[in-house]
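K.L.:
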């Protein structure tokens, strides 16, 4: 067999096995809206950890981190900074969110805003913002999957064909099994990702330089500025680094899919334990960086840094190893893409369509519409991914700039009884508008600071000022 055929066979076995597990996950349960979206709130510590890890460590972690280590250098290290900090924040805010969810039967992030602020238009706007900014995160997974399969198959399968097959599979098992499919497929995905990243991160520097320390010595000697700020960029300085770490740490738990995952937990204690152990998973990312820095020395001049790790693996290892890595990477893309499609479909159906356009819809009708939207959003996302040329990390930062604007409404709603609906609504509109305007006009960073973080500061100011000047809300 040719190297491409060997690699493709391994990828095929891994992807089909993972997809079959996703389809099987829902066969033992009747897929009501509650079961489809939050798994009847019965996930224990292990399944909860796998679900949250599956949502957090994605194709961005697999390709984007190594890509920025290759093309940007020092600024990429913000990724290692924000993930542990986000777990600290999760320890304090997710348990009370879960308690509120259990008490009121919440299933989505807009449900939280509806219960806290009693305004269906605010909740609907939260749903719209959530869907819009989930799309860039979903594109990361599809674009990354196309890159993985194309390179791992020795160009035998193009990235467009790979994305089409993946969208059909993940759309299918989400349609059938809901959130349980995501949790079950996370099991082989997380095992393969950790094994692959550690193996590559240790072996590649060892093969080319005799070890990780010697690789860094060679990099510091050949390109000393690459490991410092602003690295190989001109505008990603220390103020950008600090503001981006803060934005990402505050925003990680604001993704709509993270709210949904929180509501699946069996207890608040399950969530606290998950927040404590989650940073351990972050250790695997360091090995991805080692591979990216090694690639910068061994295969310089790539036009797209996101290709660096897989290109180096293809140059270094036998075909079966590349296939194993490709299969792990494919599942790493499909698991979060599945939960993004599930979440966006639920937000549209339950929190936008029903309350605003069809209040008489039953839960069963909402569930049917959500399944239809799985197909619609899959096709829309596939079309956008085929024609997108943005780097994976840039797409992620765009998503963070939007969803982090939920933070004032969530945290102030939990811990400050003085906050008002008008303050939260106005702050959210201002924050989303500011972030969108700055990013789309290519003013990110703005004055050296992450545009999304500046928008978040504006959001906080407006929310607090309007809440202070208004009469205190009653009954909340």
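Numbering (this note's numbering), first residue to last: 104 to 579. The C-beta atom is built at its ideal place from N, Cα and C for all residues, glycine as well. The structure presented is a predicted model; accordingly, all values stated were derived computationally and were not measured.
Where residue 241 and residue 397 are concerned, what is the direct C-alpha to C-alpha distance, given to the nearest angstrom?
P.N.:
Each residue's alpha carbon lies about 28 Å from the other.
K.L.:
At a cut of 8 Å, does the stretch 529-536 reach the stretch 558-573 through at least three beta carbon pairs?
P.N.:
Output reads yes: the stretch 558-573 touches the stretch 529-536.
K.L.:
Please report the distance separating the alpha-carbon of residue 419 from that of residue 210.
P.N.:
46 Å
K.L.:
Starting from the Cα of residue 501, find the closest Cα among 262, 355, 424, 152 and give me that residue.
P.N.:
The shortest Cα separation from residue 501 among 262, 355, 424, 152 belongs to 355.
K.L.:
Taking the alpha helix (DSSP H) that residue 562 belongs to, which residues open and close that run?
P.N.:
That run of the alpha helix (DSSP H) goes 554-572.
K.L.:
Once the 5 residues before and after residue 256 are set aside, which same chain residues still bring their CB inside 6 Å of it?
P.N.:
107, 110, 111
K.L.:
Is it buried or exposed for residue 104, if we count other Cβ within 10 angstroms and need 16 for buried?
P.N.:
Exposed, because fewer than 16 other Cβ atoms sit within 10 Å of the Cβ of residue 104.
K.L.:
Within its chain, find whatever has a CB closer than 7 Å to the CB of residue 265; leave out the 5 residues flanking it on each side and keep chain order.
P.N.:
248, 249, 252, 253
K.L.:
In chain order, what are the residue ranges of uninterrupted alpha helix (DSSP H) at least 4 long that sit wholly in the stretch 406-491?
P.N.:
411-419, 422-449, 466-490
K.L.:
Of the residues 453, 478, 571, which one's Cα is nearest the Cα of residue 217?
P.N.:
453
K.L.:
Run the CB neighbour count on residue 329, radius 10 Å, all protein chains shown included, and call it buried at 16 or more, exposed below.
P.N.:
buried
K.L.:
Within the continuous alpha helix (DSSP H) that includes residue 324, where are the two ends?
P.N.:
315-325
K.L.:
Would residue 299 pass as a contact of residue 428 if the rule is Cβ separation under 8 Å?
P.N.:
Taking 8 Å as the Cβ cut-off, residue 299 and residue 428 qualify as a contacting pair.
K.L.:
Could you give the distance in angstroms between the alpha-carbon of residue 384 and the alpha-carbon of residue 476?
P.N.:
32 Å
K.L.:
Looking only at its chain, what residues have a beta carbon closer than 7 Å to the beta carbon of residue 525, apart from the 5 residues adjacent to it on each side?
P.N.:
569, 573
K.L.:
Helix, strand or coil for residue 257? Go by DSSP, reduced to three states.
P.N.:
coil
K.L.:
How about residue 295: is its Cβ closer than 7 Å to a heavy atom in the ligand COA?
P.N.:
This structure does not include the ligand COA; it has no bound ligands of any sort.
K.L.:
For residue 357 versus residue 510, is the C-beta distance shorter than 8 Å?
P.N.:
yes
K.L.:
Rounding to the nearest angstrom, what Cα-Cα distance links residue 543 and residue 270 in this structure?
P.N.:
28 Å
K.L.:
Just to confirm the assignment: which complete alpha helix (DSSP H) runs, minimum length 4, are found wholly within the stretch 345-374?
P.N.:
Correct list: 359-366.
K.L.:
With a threshold of 6 Å on Cβ separation, who are the neighbours of residue 172 within its own chain once the five nearest residues in sequence on each side are excluded?
P.N.:
179, 392, 395, 396
K.L.:
Using a Cβ distance threshold of 8 Å, determine whether the stretch 439-452 contacts the stretch 475-489, with at least three qualifying pairs required.
P.N.:
yes
K.L.:
According to DSSP, what are the bridge partners of residue 228?
P.N.:
DSSP lists no partner for residue 228.
K.L.:
Among 432, 550, 220, which one has its Cα closest to the Cα of residue 296?
P.N.:
432
K.L.:
Ends of the alpha helix (DSSP H) at residue 402?
P.N.:
Unbroken run through residue 402: none, as it is neither H nor E.
K.L.:
Judging by CA-CA distance, which residue of 506, 176, 413, 222 is the nearest neighbour of residue 459?
P.N.:
Looking at 506, 176, 413, 222, the one whose alpha-carbon comes closest to that of residue 459 is 222.
K.L.:
Exposed or buried, what is residue 292 when buried is set at 16 or more other beta-carbons lying within 10 Å of its beta-carbon?
P.N.:
buried
K.L.:
How far does the alpha helix (DSSP H) with residue 524 in it reach, from first residue to last?
P.N.:
Run containing residue 524: 524-543, per the alpha helix (DSSP H) assignment.
K.L.:
Report yes if the CB atom of residue 378 is closer than 8 Å to the CB atom of residue 197, and no otherwise.
P.N.:
Less than 8 Å divides the Cβ of residue 378 from the Cβ of residue 197.
K.L.:
Give me the Cβ distance between residue 415 and residue 401, rounded to the nearest whole Å; I'm assuming they're in contact under 8 Å.
P.N.:
Yes, residue 415 and residue 401 are in contact; Cβ-Cβ is about 6 Å, under 8 Å.
K.L.:
Hey, could you find the ends of the alpha helix (DSSP H) residue 170 is sitting in?
P.N.:
168-174
K.L.:
CB residue 381 to CB residue 155, shorter than 8 Å?
P.N.:
yes
K.L.:
For the alpha helix (DSSP H) containing residue 190, name the first residue and the last one.
P.N.:
Judged by DSSP secondary structure, residue 190 falls within the alpha helix (DSSP H) whose first and last residues are 181-207.
K.L.:
Going straight from the alpha carbon of residue 318 to that of residue 343, what length do you get?
P.N.:
27 Å
K.L.:
For residue 549, write down the residues that DSSP places opposite it in a beta bridge.
P.N.:
552
K.L.:
Going by beta carbon distance, what residues of the same chain come within less than 8 Å of residue 487, once the five residues before and after it are set aside?
P.N.:
238, 242
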